[in-house]
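Participant:
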Amino acid sequence: MDFETICRKIEKLEIQGASNVAKHGIQALEVLLDEEAPKNKREAIEVLEDAKNRLFQTRPTEPFLRNSVRYIVREAKKAENVSTLIKTVETSKSKFFRTIEEGKEKIAEVGSKRISGTILTHCHSSTAMGILKRSKDDIEKVYVTESRPKYQGRISARELLAEGIETVMIVDAACRHYMKEMDYCLVGSDVITSEGNVINKIGTSSVALAANEARIPFYVATNLLKFDPETISGALETIEERNWKEVWKDKPKKLTIKNPAFDVTPEDYIDGLITEAGIISPEMIVHAIRDRFPWILAH
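This is how it looks when you write it as structure tokens:
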């Protein structure tokens, strides 16, 4: 794929899942360097900066992508010349991919020691799926929401069934109705803010509210690289508004449809963030970032 094709696929959700988007974003940097063939370091940095700006435009609610691309560009700028810069991008990409995969593995290991019984999950998170697959011998049943309008819950359902885990799909609005049957709720995350709030697939906050009401533990499986450093200085994460056609293609002419992709779950409703640094309370997120990925705070 060429650079612009990767960007368009991210925009259209043909490439989805925060870690998958981040990986493709990093690969896109390499692709554009190859396409543009810069003659010197200055030109190469300009290419990377242009690529970074274009990638940042693809999805407004993707700090994992932004942090990943920033890291590669930051490392590339340390190179002495264009040839070492290109090699630096390649080696930094490989190193970062390992960091992502090792993080997922650690999160699965940590989460599997906590999650058991009957679980409710929302949307599709490869990180949350990793925990559920690792915990399958201790899991009785997993309830999966449809996750409209893109039905990402179907991806989760197929993966769980392939692992031999008993799976039940419910409509999104039925979460509160079935909550009393759960032992845990487990979701993924697209963004963690400096306050410890979590931004995730629309409907996540409703699941958290129902869990809080029923006193069911609500956990978020998340890589620390999903932290948005800009929220420290007061910036609010943009909530992406998706095309109304995803909801009703042939709607009545005068009908307005709102289709936000994400919502905010307050840290008060979150029992813990299951991360590669262990299970942490939401209010400890900045400390965890400072210990694990201090360069994020220096962006």
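Reading the sequence shown from the start, the letters are residues 685 to 983 in my numbering. All C-beta atoms in this analysis are idealised placements derived from N, C-alpha and C, irrespective of residue type, glycine included.
1. Can you check whether the CB of S810 is closer than 7 Å to the CB of G701?
2. Quick one: residues in its chain with C-beta nearer than 6 Å to the C-beta of W928, no 5 flanking neighbours on either side, listed in chain order?
3. Considering Y827, what are the terminal residues of the beta strand (DSSP E) in which it resides?
4. Would you mind sorting A841 into buried or exposed? The rule is 16 or more other CB atoms within 10 Å of its CB.
5. For the candidate residues D955, D734, K777, whose alpha-carbon lies nearest to that of F687?
6. Note down the Cα distance separating P936 from L697, rounded to an integer number of angstroms.
7. Would you give the residue range spanned by the alpha helix (DSSP H) that G848 belongs to?
8. Rounded to whole angstroms, how far is the Cβ of A792 from the Cβ of G814, which I believe are closer than 8 Å?
9. Measuring only the C-alpha atoms, how far is I849 from A728?
10. Measuring CB to CB, does T829 end up less than 7 Å from H808?
11. Quick one: using the 10 Å Cβ neighbour count with 16 as the cut-off for buried, is G918 buried or exposed?
12. Measure from the alpha carbon of N751 to the alpha carbon of each residue in P966, L909, A721, then state which is nearest.
13. Among G887, K938, S965, V948, which has the Cα closest to the Cα of Y835?
14. Going by other Cβ atoms of all chains shown within 10 Å of its Cβ, with 16 needed for buried, is L713 buried or exposed?
15. Could you pull out every residue in the same chain whose Cβ sits closer than 7 Å to the Cβ of V854, ignoring the five residues on either side in sequence?
16. Less than 8 Å between the CB atoms is what I'm expecting for A706 and I756, so what's the real figure, rounded?
17. State the start and end residues of the unbroken beta strand (DSSP E) segment that holds F946.
18. In whole angstroms, what separates the C-alpha of D867 from that of K933?
19. DSSP puts M853 in a beta bridge; with which residues?
Facilitator: Reading it off the structure:
1. yes
2. Closer than 6 Å at the Cβ level, and outside the excluded window around W928, lie I941, N943.
3. 823 to 829
4. buried
5. D734
6. 26 Å
7. Segment: none, G848 is in no alpha helix (DSSP H) and carries neither H nor E.
8. 4 Å
9. Each residue's Cα considered, the two are about 49 Å apart.
10. Not a contact, by the Cβ cut-off of 7 Å.
11. exposed
12. L909
13. G887
14. buried
15. The question names Val, yet the displayed sequence has Ile at residue 854. The answer, listed in chain order, is Y827, T829, Y862.
16. About 10 Å separates the two Cβ atoms, so there is no contact after all.
17. 946 to 949
18. 38 Å
19. V828
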